[in-house]
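Asks: Using our numbering, you'd call the opening residue of the sequence shown number 48 and step up by one each time. Backbone N, C-alpha and C fix where the C-beta goes; we use that ideal spot for every residue, glycine too.
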Amino acid sequence: MDAVVKPLRKAQLSEHVRKAPQPPIARPSREEAEAAVRTLIAFAGDYPDREGLIETPKRVVDAYEELYRGYNECPAEVLDRTFSEIGKYDDFVLVRDIGFNSHCEHHMMPFMGKAHIAYKPVERVVGLSKLARLVDVYGRRLQTQEHLTSQIATAIDEILNPQGVAVMLEAEHMCMSLRGVEKLGSKTITTQFIGSFRDNPDEQVRFMSMVRGG
Ligand SMILES: [Zn+2]
48 MDAVVKPLRK AQLSEHVRKA PQPPIARPSR EEAEAAVRTL IAFAGDYPDR EGLIETPKRV
108 VDAYEELYRG YNECPAEVLD RTFSEIGKYD DFVLVRDIGF NSHCEHHMMP FMGKAHIAYK
168 PVERVVGLSK LARLVDVYGR RLQTQEHLTS QIATAIDEIL NPQGVAVMLE AEHMCMSLRG
228 VEKLGSKTIT TQFIGSFRDN PDEQVRFMSM VRGG
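This is how it looks when you write it as structure tokens:
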């Protein structure tokens, strides 16, 4: 395969595909973030200056930088490097069981599970690991599972211009498992079909059975 870097027509891409989010407020300093963690520790009922907790605000802020690093990343750049040579291949490509974790925007608690992504290439294919990276870019932000699913599908559709895209996410939400209704082990499943997958129920069925197929 010949690797080519095609210029993206960024003006035609959705905002969330084209660039990293730019919220209309300045990012607080690290000291401010650590002070906020101290406040939450005290609110939980503990004493932030107790020996075991003294380094905790620093560790929590370190973890935030990792868990939310998707705010610094641009989806279009992740999928930027495409390959133009696909030969006579004319079926969809499925990457199954991509593990992911994210945080729900309602409770800031984790939800995690597996993503399954298929697309039917026309002239551009992408390195398969890039699909997994794309899931992380969107996953490492505050999300709803529905938005996460549709953002992944939209980015693949807009950048690769395939005949179709199918994305399925299955995840367990800690805000349901550990609080609220406390239903451990329940899964939420979301799907987004675009193009040939949306138009053709047989293709959806084939996608689902390949995802389920052991
Ligand atoms: Zn939640």
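Note down, one range per segment and in chain order, each beta strand (DSSP E) of at least 3 residues found wholly within the stretch 213 to 248.
Replies: Those beta strand (DSSP E) runs which fall completely within the stretch 213 to 248 and span 3+ residues are 235 to 242.
Asks: In the DSSP assignment, the beta strand (DSSP E) including H163 goes from what residue to what residue?
Replies: From DSSP, the beta strand (DSSP E) with H163 extends over P157 to K167.
Asks: Considering only heavy atoms of ligand 1, does any lie closer than 6 Å to the CB of H194?
Replies: No; taking the cut-off as 6 Å, the Cβ of H194 has no heavy atom of ligand 1 nearer than that.
Asks: Using the beta-carbon of each residue, find all residues closer than 6 Å to any heavy atom of ligand 1 and list them in chain order.
Replies: That gives C151, H153, H154, M156, H220 and C222.
Asks: How many angstroms separate the CA atom of E205 from the CA atom of H154?
Replies: Distance between the alpha carbons of E205 and H154 is about 31 Å.
Asks: Can you look up S131 in the DSSP assignment and give me helix, strand or coil?
Replies: Correct three-state label for S131: coil.
Asks: Spatial neighbours of R245 within its chain, please: C-beta separation below 6 Å, excluding the five flanking residues on both sides.
Replies: None.
Asks: So what's R259 in DSSP terms, helix, strand or just coil?
Replies: Reduced to three states, the DSSP call for R259 is helix.
Asks: So, with DSSP's three-state summary, where would you put G146?
Replies: Strand, per DSSP.
Asks: Counting C-beta neighbours from all protein chains within 10 Å, is the total for D49 16 or more, i.e. buried, or is it exposed?
Replies: Its pLDDT being 47, under 50, D49 is placed unreliably by the model, and nothing is read from it.
Asks: Counting only the same chain and skipping the five closest in sequence on each side, list residues whose C-beta sits under 7 Å from that of M221.
Replies: Closer than 7 Å at the Cβ level, and outside the excluded window around M221, lie M156, P157 and F158.
Asks: Mind pulling the alpha helix (DSSP H) runs of 4 or more residues that sit fully within the stretch 77 to 140?
Replies: Whole alpha helix (DSSP H) segments, 4+ residues: 77 to 91, 103 to 114 and 122 to 125.
Asks: Relative to the C-alpha of L195, which candidate in P168, G160, Y166 and M223 has its C-alpha closest?
Replies: Measuring from the Cα of L195, the nearest candidate turns out to be G160.
Asks: State the Cα-Cα distance for the pair E298 and A110, rounded to the nearest angstrom.
Replies: Because the chain spans 48 through 261 in this model, residue 298 falls outside it and cannot be assessed.
Asks: If you check the beta carbons only, do E219 and K234 fall under 7 Å apart?
Replies: Going by C-beta atoms, E219 is nearer than 7 Å to K234.
Asks: Determine the direct distance from the alpha carbon of I72 to that of N119, and round the result to whole angstroms.
Replies: Computed Cα separation, rounded: 15 Å.
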